[in-house]
Amino acid sequence: MSDHHHKETFITKYVFSTDHKMISKQYLVTGIFMGVIGVFMSMLFRLQIAWPDKSFSIIEAFLGHHQDGGVMSPDIYLALVTIHGTIMVFFVLTAGLSGTFSNLLIPLQIGARDMASGFLNMVSYWLFFLSSVIMVCSLFIEAGPASAGWTIYPPLSALPQAIPGSGLGMTLWLISMAIFIASSLLGSLNYIVTVLNLRTVGMKMTRLPLTIWAFFITAIIGVVSFPVLLSAALLLIFDRSFGTSFYLSDIFIQGEVLHYQGGSPVLFEHLFWFLGHPEVYIVILPAMGIVSEIIACNSRKPIFGYRAMIGSIIAIAFLSTIVWGHHMFVSGMNPFLGSVFTFTTLLIAIPSAVKAFNWITTMWKGNIQMNTAMLFSIGFVSTFISGGLTGLVLGDSALDINVHDTYFVVAHFHLVMGVSAIYGMFAGVYHWFPKMYGRMMNKTLGYWHFWITVVAAYGVFFPMHFVGLAGLPRRYYSNTAFPLFDDVADVNIVITLFAILGGAAQLIFLANFFISIYKGKKATQNPWKSNTLEWTTPIEHVHGNWPGEIPAVHRWAYDYSKPGHEDDFVSQITPLNEGEEES
Amino acid sequence: MTALLYVLLAIVVAVAIWQIASILNLKSAIATEKDNNTQGILFAAFGIFFYGLMIFSFVKYSSILLPDSASLEGEKYDTLYFITMLLILVVQAITQFLLFFFAFKYRGIKGRKALFYADSHKLETIWTVVPAVVLAGLVLYGLTVWNDVMDSSDAENPLIIEVYAKQFQWEARYAGADNELGLANVRNIKGINTMGVDMTDKNALDDIPVRELRLPKGRKVIFKFRSQDVLHSAYMPHFRAQMNCVPGMVTEFAFTPSLTTEEMRANEKTITKVEGINKIRAEKGEDAYEFDYLLLCNKICGASHYNMQMKIIVEEEEDFNSWLKDQKTMAQVVQ
Chain C
1 MSDHHHKETF ITKYVFSTDH KMISKQYLVT GIFMGVIGVF MSMLFRLQIA
51 WPDKSFSIIE AFLGHHQDGG VMSPDIYLAL VTIHGTIMVF FVLTAGLSGT
101 FSNLLIPLQI GARDMASGFL NMVSYWLFFL SSVIMVCSLF IEAGPASAGW
151 TIYPPLSALP QAIPGSGLGM TLWLISMAIF IASSLLGSLN YIVTVLNLRT
201 VGMKMTRLPL TIWAFFITAI IGVVSFPVLL SAALLLIFDR SFGTSFYLSD
251 IFIQGEVLHY QGGSPVLFEH LFWFLGHPEV YIVILPAMGI VSEIIACNSR
301 KPIFGYRAMI GSIIAIAFLS TIVWGHHMFV SGMNPFLGSV FTFTTLLIAI
351 PSAVKAFNWI TTMWKGNIQM NTAMLFSIGF VSTFISGGLT GLVLGDSALD
401 INVHDTYFVV AHFHLVMGVS AIYGMFAGVY HWFPKMYGRM MNKTLGYWHF
451 WITVVAAYGV FFPMHFVGLA GLPRRYYSNT AFPLFDDVAD VNIVITLFAI
501 LGGAAQLIFL ANFFISIYKG KKATQNPWKS NTLEWTTPIE HVHGNWPGEI
551 PAVHRWAYDY SKPGHEDDFV SQITPLNEGE EES
Chain A
1001 MTALLYVLLA IVVAVAIWQI ASILNLKSAI ATEKDNNTQG ILFAAFGIFF
1051 YGLMIFSFVK YSSILLPDSA SLEGEKYDTL YFITMLLILV VQAITQFLLF
1101 FFAFKYRGIK GRKALFYADS HKLETIWTVV PAVVLAGLVL YGLTVWNDVM
1151 DSSDAENPLI IEVYAKQFQW EARYAGADNE LGLANVRNIK GINTMGVDMT
1201 DKNALDDIPV RELRLPKGRK VIFKFRSQDV LHSAYMPHFR AQMNCVPGMV
1251 TEFAFTPSLT TEEMRANEKT ITKVEGINKI RAEKGEDAYE FDYLLLCNKI
1301 CGASHYNMQM KIIVEEEEDF NSWLKDQKTM AQVVQ
């Protein structure tokens, strides 16, 4: 491929590029753009939650006819939480995280010239771009965007009579997601094929960095579960537009009996969560891979228990496909099924615990380099543990009964897959920025970004558990209708203040990111003294990654501080010394 | 409060601008030994903040939590919850301590080499087996509670009540003298027959439709849930009870109320909570609040989802029986 010295125009280099490095940057910038929208929405609805009757000029400025005198309407409140969830889960943490780093790192870390199919890779990005455009467009339609929650349970999502967002807004949501799924499948297939077929000489599966293992397994989960969401969405489209009754039955709304008969919303819940639960691992596994790599590199130590780490990734991936029912303990499904899903769900705690202990042990007796990426990785481990542990409450069917759909759940999943995955993404950006742009991000800004974010995130989500334990349901436009929850109002104000602080801190990141692209300090070839292959490529990007031969690999990726070597790192391309044993 | 908000914002913006200016100096981008030292100490400080936040939250916010369970089944729930929480807090305290302590203790020093320590079968076996054993116990205990709560087949003479959900209101129907609910379907909804009860079914005639839920203390209540339009969820947090209401099917949940409304109002935790609430209400010039059990909607169902509620009153069985006797049956209502 490197000998295809075809001339590149602006369009083929920057727009319709088939180079994985450019596509990765496209994913990242699109993901950041969507992230800004998603986070900004959360700021708006946090204002509503903290001060339900108060008028805000910012709400007046942004919400148009969906507000009255600076107070948002209940419908747009539900739309905001719906689109916030959709954007953050799919557009930021799936496409933005996995799309960026799988694309950047798979060819570079396994020693390949590019993805198996550069063309499909390009199509994958542009489908993602198209779906993003449609999702953003849906914000501007008259009746407002989809507002049945990011889980879009029918009948609410099927009947415009039930909520205005279930008209055109929901149609656009479904179209956008269908395209998104196509994009994700093309990407995932490409990742799988590339990892299996294009590894350089000596790059055995057991020598792959954990990043690649994580991306590889993530892609497999995606291929297994995303099509099920697609079929769920298609059946919903049928119910909405062609009068079928897959999910609907016996409905009386606005004085009228509808013709639907024999369907069940519970079917939709099963199909949705068959993707929906693996989806949280699609989000978190790449972050785990990134964090494993960064903790090892910055602790100057081999990752502890490399094989156990791979085993736990595979175990988590397998279990993730048989636990979806824990979202449905009180859906009306047979209680026996609830027992089964409790069992499988709590099993996931075992590989998760192994991972957490292994990261902590990797830091033990290390020589920790406090680069910004490392700070975010430590933050990741912390929030992953904090959020993961409350999974023991929610995954236990008996305990789920009373906290199901309360703010306890919101706090749990934001810590364990929202904040953690975002930390993983930040860690990745700070660590591989020099590889992407040939320049370094500013570390002082990075430190400020980290510390404000980490304090704000715990300030938001730690107290939120108590709001849930007080019994306050999520997705309430306001809790003023219940004197019972009057004492929760103060906590909600604290949470909102921390949320605004955390949101504002992201401006530091944005400034650092975009300024560093142009003004950052020039990077050296291997700034973090890392072992992996991507740091053997030239700083200036070349099509085909290595100007000459692709180097052969002689060892695993984690020979940090290995006795018998002068430096505290040994690149994977360094042949074994005489008599040296491979770790 | 808003002033504080603007102050916080101003601080963040100022810091941002000040730092963006300094970025042009092209300062070193890689952590130096000094950075390692500062950041390591910051992690230690953050560890202290973190424990502080946990302890502060537990002290400050324990008053807003739900009071003791008001059902027999809920008492088992509370014990399981307490044990699980204890376990979580112990693991949380230990692991977070190790994480922040290691970040502090092993912050980088120039010239020091890290320990090359890649594997230990013993350690890994320990932290696979220990969680597995603990979880096995938790699963077994959890499933016993789950089965107790969900299985109401052996209940003696339970009271049967249908709870009916619609945008954005609850209704209910007692099974009446025969303790059997008459058939119903949304296609029968007409005029005053808002729940679509099938009046040709003889079991339906003695059913009693109500807009306020009353429950007898000490008798098992089996709830049958229906919805006429979208998903709703019947959430009765004080009884540790919740079940979705699904259009097209009947779902079920059962519990035995163990404290009357009066008894709950006299409960110590309830008194503290109500006092807290009334202090806030007094500041805002609102009427004093008196505790009542509630049924809330806990599944997003549309614009007024946040205000879909029904009062529940638990009373002694005789009081309940005499109240029920005064209610009109379906036959009387529809006539």
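The listed protein sequences derive, respectively, from chains C and A.
Following the working numbering, the numbering of the first sequence begins with 1 at its first residue and continues without gaps.
Following the working numbering, the numbering of the second sequence begins with 1001 at its first residue and continues without gaps.
Note that CB positions come from ideal geometry on N, CA and C, so glycine has one too.
Taking Lys435/C as reference, the option from Leu105/C, Phe16/C and Gln26/C with the minimal CA-CA separation is Leu105/C.
Any Cβ of chain C closer than 9 Å to the Cβ of Pro1131/A would place that residue at the interface, and such an atom is present.
For the C-beta of Val354/C, the chain A residues within less than 9 Å are, from N- to C-terminus, Glu1124, Trp1127, Thr1128 and Pro1131. Shown in chain order are the members of the region 321-341 of chain C whose Cβ falls below 8 Å from a Cβ of chain A: Val330, Ser331, Gly332, Pro335, Gly338 and Ser339. Cβ proximity to chain C below 7 Å picks out Asn1185, Val1186, Arg1187 and Ile1189 from the region 1171-1192 of chain A.
Annotated three-state conformation of Asp75/C is helix, per DSSP. Interface criterion met: the Cβ of Ile1300/A is under 9 Å from a Cβ in chain C. Under the three-state reduction of DSSP, Thr390/C is assigned to coil, being neither helix nor strand. Contact between the region 502-522 of chain C and the region 168-182 of chain C is not established, with fewer than three Cβ pairs separated by less than 8 Å. For Trp546/C, no beta strand (DSSP E) encloses it, and the DSSP letter there is neither H nor E. For Gly1040/A, the nearest beta carbon of chain C is closer than 9 Å to its own beta carbon. Excluding sequence positions up to five before and after Ile181/C, its CB lies within less than 7 Å of the CB of Phe226, Leu229 and Leu230, all in the same chain and listed in chain order. Lys1220/A and Glu279/C have their C-alpha atoms some 40 Å from each other.
Only those residues of the region 1247-1258 of chain A whose C-beta falls short of 9 Å from the nearest C-beta of chain C are listed: Pro1247, Gly1248, Met1249, Val1250, Thr1251, Glu1252 and Phe1253.
Judged by DSSP secondary structure, Pro1216/A falls within the beta strand (DSSP E) whose first and last residues are Leu1213 to Pro1216. A direct Cα-to-Cα measurement between Val1134/A and Asp396/C gives close to 14 Å. Secondary structure note for Lys25/C: its alpha helix (DSSP H) is the uninterrupted segment His20 to Ala50. Across the set Ala148/C, Leu415/C, Tyr153/C and Leu445/C, the C-alpha of Leu445/C shows the shortest separation from the C-alpha of Val1012/A. When Cβ-Cβ separations below 9 Å define contact, Ile179/C makes no contact with chain A. Membership of Asn1147/A in any beta strand (DSSP E) is not indicated; the residue belongs instead to the alpha helix (DSSP H) covering His1121 to Met1150.
Residues Arg1281 of the same chain have their beta carbon placed closer than 8 Å to that of Asp1287/A, with the five preceding and five following residues left out of the count.
From the beta-carbon of Val257/C, the residues of chain A found nearer than 8 Å are Val1186, Arg1187 and Ile1189. Chain-order list of chain C residues neighbouring Leu1009/A: Ile500, Leu501 and Ala504, by C-beta distance under 9 Å. The alpha helix (DSSP H) runs of length 4 or more contained entirely in the region 441-495 of chain C are, from start to end of the chain, 443-469. When C-alpha distances from Lys521/C are compared across Gly438/C, Met374/C, Val419/C and Ala317/C, the shortest belongs to Gly438/C.
When CB distances to chain A are screened at a threshold of 7 Å, the residues of the region 372-396 of chain C falling below it are Leu375, Ile378, Val381, Ser382, Ile385, Ser386, Leu389, Thr390, Leu392, Val393 and Asp396, in chain order. For Val494/C against Ala470/C, the beta-carbon gap comes to about 14 Å, at or over 8 Å, which does not count as contact.
Under the DSSP definition of a beta bridge, Trp1170/A partners with Ala1165/A. Glu1317/A is outside the set of residues whose beta carbon lies under 9 Å from a beta carbon in chain C. For Tyr1235/A, same chain residues with a beta-carbon under 6 Å away, outside a window of 5 residues either side, are Gln1242, Leu1296 and Asn1298 in chain order. With contacts defined by Cβ atoms closer than 9 Å, Phe33/C and Ser132/C form a contacting pair.
Within chain A, no residue has its CB atom less than 7 Å from the CB of Ile11/C, the nearest being about 32 Å off.
In the three-state DSSP reduction, Lys1224/A falls in the strand class (E or B). Around the C-beta of His259/C, fewer than 16 other C-beta atoms lie within 10 Å, and the residue is accordingly described as exposed. Ranked by how close their Cα comes to the Cα of Ile1312/A, the residues Leu1294/A, Gln1327/A, Gly1302/A and Glu1318/A have Leu1294/A in first place. Taken atom to atom, the span from the alpha-carbon of Thr200/C to that of Asp1078/A is near 57 Å.
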